[in-house]
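*Asks:*
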Amino acid sequence: DAGITQSPRHKVTETGTPVTLRCHQTENHRYMYWYRQDPGHGLRLIHYSYGVKDTDKGEVSDGYSVSRSKTEDFLLTLESATSSQTSVYFCAIRGTGSTDTQYFGPGTRLTVL
Amino acid sequence: GIQVEQSPPDLILQEGANSTLRCNFSDSVNNLQWFHQNPWGQLINLFYIPSGTKQNGRLSATTVATERYSLLYISSSQTTDSGVYFCAPSPFGNEKLTFGTGTRLTIIP
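Taken in sequence, the protein lines are chains A and B. Be aware that the first sequence starts at 373, since it is given in the working numbering, and climbs by one per residue. Be aware that the second sequence starts at 601, since it is given in the working numbering, and climbs by one per residue.
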């Protein structure tokens, strides 16, 4: 357990509304990641962060923004949700030490109607 | 970007059987990880294995980086091994993992 929580765990929203998902870690890890998981695609990286206020895009960043104002929190925002953003969203951290092992949070299931 | 192919896509086995899952990738890598996603959706890191062989109980993994593939072995399967297994490499100079589409393993009692 790498001390990662995600909130909310489930959310249903309507097309066009803004949505923010939160990832919180308790162990001061530098790197944090947001992925989405869809049938047939495995996990795809949306955005990642390598420090406070340091973020970069992943493979599927269009329609998403992120913010990291403190080490423990990494926020993912859908400015105007669309049905194509219905997915399960996972947050991950990169462990410290000699490996780059990633550890995942429990996920957030988002449905956009 | 790097291409990742996992095989087989689906595997159904009796409890007690052994299995081998394969991951092929298209570029040289400095990081490769195996994950298990259980039927409740939780993702667990199994191995960090950019090269060589590692074992953890009934599971072991081997990566042959020069030939661009990795294998995950599961021996004496148990029903709790059911779920989806993902391989995720990242090429040199890239900090981002790319996930394959997974192998869905079902263990029948």
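Here a beta-carbon is modelled for each residue, glycine too, at the ideal position from N, C-alpha and C.
1. Spell out whether any CB of chain A is found under 8 Å from the CB atom of Gln633 of chain B.
2. Who are Arg704 of chain B's beta bridge partners in DSSP?
3. Looking at Tyr685 of chain B and Asp472 of chain A, is the spacing between their C-beta atoms short of 8 Å?
4. Beta strand (DSSP E) containing Gly467 of chain A: first to last residue?
5. Report the three-state DSSP secondary structure of Ala665 of chain B (helix, strand or coil).
6. Of all the CB atoms in chain A, is at least one closer than 8 Å to the CB of Gly693 of chain B?
7. List, in order along the chain, the chain B residues whose C-beta lies closer than 7 Å to that of Tyr475 of chain A?
8. What separation, rounded to the nearest whole angstrom, lies between the Cα atoms of Trp634 of chain B and Ser452 of chain A?
9. Would you list, in chain order, the members of the segment 642–668 of chain B that have their beta-carbon closer than 7 Å to a beta-carbon of chain A?
10. Does the distance from the CB of Arg394 of chain A to the CB of Gln378 of chain A come in under 8 Å?
11. When the distance is taken between beta carbons, is Thr443 of chain A closer than 8 Å to Val484 of chain A?
12. In the DSSP output, which residue or residues are listed as bridge partners for Arg402 of chain A?
13. Give the DSSP-derived three-state secondary structure of Gln642 of chain B in the structure shown.
14. Taking the alpha carbon of Ser651 of chain B as the reference point, which residue from B:Leu643, B:Val629, B:Trp640, B:Asn638 has its own alpha carbon closest?
15. Touch check for the segment 660–679 of chain B and the segment 379–391 of chain A: three-plus C-beta pairs under 8 Å?
16. How long is the line joining the alpha carbons of Asp428 of chain A and Cys623 of chain B, rounded to whole angstroms?
17. I'd like to check one pair, Ser660 of chain B with Cys687 of chain B: are the Cβ atoms closer than 8 Å?
18. Kindly provide the ranges of any alpha helix (DSSP H) runs that are 4 or more residues long and lie completely inside the segment 411–479 of chain A, ordered along the chain.
19. Can you tell me where the beta strand (DSSP E) with Ile376 of chain A in it begins and where it stops?
20. Please go through the same chain and pick out, in chain order, the residues whose beta-carbon is closer than 8 Å to the beta-carbon of Ser626 of chain B, but skip the five residues on each side of it.
21. Taking C-beta to C-beta, are Thr703 of chain B and Ser690 of chain B nearer than 8 Å?
22. Ile612 of chain B: buried (16+ other C-beta within 10 angstroms of its C-beta) or exposed?
*Replies:* Short version:
1. Sequence index remark: in the second sequence, residue 633 of chain B carries index 33 (1-based). Answer yes: the Cβ-Cβ gap between Gln633 of chain B and chain A drops below 8 Å somewhere.
2. To locate residue 704 of chain B, count along the second sequence from 1; it is residue 104. In DSSP, Arg704 of chain B forms a bridge with B:Asp610, B:Val684.
3. In the first sequence, the residue the question calls residue 472 of chain A occupies position 100. In the second sequence, the residue the question calls residue 685 of chain B occupies position 85. The answer is no: Cβ separation not under 8 Å.
4. As a position in the first sequence, residue 467 of chain A is number 95, starting the count at 1. Per DSSP, Gly467 of chain A belongs to no beta strand (DSSP E) and is neither H nor E.
5. Counting from one through the second sequence, the residue named residue 665 of chain B turns up at place 65. In this structure, Ala665 of chain B counts as helix in the three-state DSSP scheme.
6. On the second sequence, position 93 is the one that residue 693 of chain B refers to. So, not an interface residue.
7. Translated into positions along the first sequence, residue 475 of chain A becomes position 103. Ordered by position in chain B, the residues that pass the 7 Å Cβ test against Tyr475 of chain A are Asn645.
8. Taking the second sequence and counting its residues from 1, the one referred to as residue 634 of chain B is at position 34. Taking the first sequence and counting its residues from 1, the one referred to as residue 452 of chain A is at position 80. Rounded to whole angstroms, Trp634 of chain B to Ser452 of chain A spans 34 Å at the Cα level.
9. Gln642, Leu643, Asn645, Tyr648
10. What you label residue 394 of chain A is simply residue 22 of the first sequence in a count that begins at 1. What you label residue 378 of chain A is simply residue 6 of the first sequence in a count that begins at 1. Going by C-beta atoms, Arg394 of chain A is nearer than 8 Å to Gln378 of chain A.
11. Along the first sequence, one-based indexing puts residue 484 of chain A at 112. Along the first sequence, one-based indexing puts residue 443 of chain A at 71. Taking 8 Å as the Cβ cut-off, Val484 of chain A and Thr443 of chain A do not qualify as a contacting pair.
12. Translated into the one-based positions of the first sequence, residue 402 of chain A becomes position 30. Beta-bridge pairing links Arg402 of chain A to no other residue.
13. Working through the second sequence from its first residue, we reach residue 642 of chain B at position 42. Of the three classes helix, strand and coil, the one that applies to Gln642 of chain B here is coil, per DSSP.
14. Translated into positions along the second sequence, residue 651 of chain B becomes position 51. The residue with the shortest Cα to Cα distance from Ser651 of chain B is B:Val629.
15. no
16. Taking the first sequence and counting its residues from 1, the one referred to as residue 428 of chain A is at position 56. Taking the second sequence and counting its residues from 1, the one referred to as residue 623 of chain B is at position 23. Each residue's alpha carbon lies about 27 Å from the other.
17. Position 87 of the second sequence, counted from the start, is the residue given in the question as residue 687 of chain B. Position 60 of the second sequence, counted from the start, is the residue given in the question as residue 660 of chain B. No, they are not a contact pair.
18. none
19. The residue you call residue 376 of chain A lines up with position 4 of the first sequence. Its beta strand (DSSP E) spans residues 376–379.
20. Translated into positions along the second sequence, residue 626 of chain B becomes position 26. Hits under 8 Å: Ile602, Gln603, Val604, Arg668.
21. Along the second sequence, read from residue 1 onward, the residue named residue 703 of chain B stands at position 103. Along the second sequence, read from residue 1 onward, the residue named residue 690 of chain B stands at position 90. No, the Cβ-Cβ distance between Thr703 of chain B and Ser690 of chain B is not below 8 Å.
22. Looking up residue 612 of chain B in the second sequence gives position 12. Per the 10 Å Cβ criterion, exposed.
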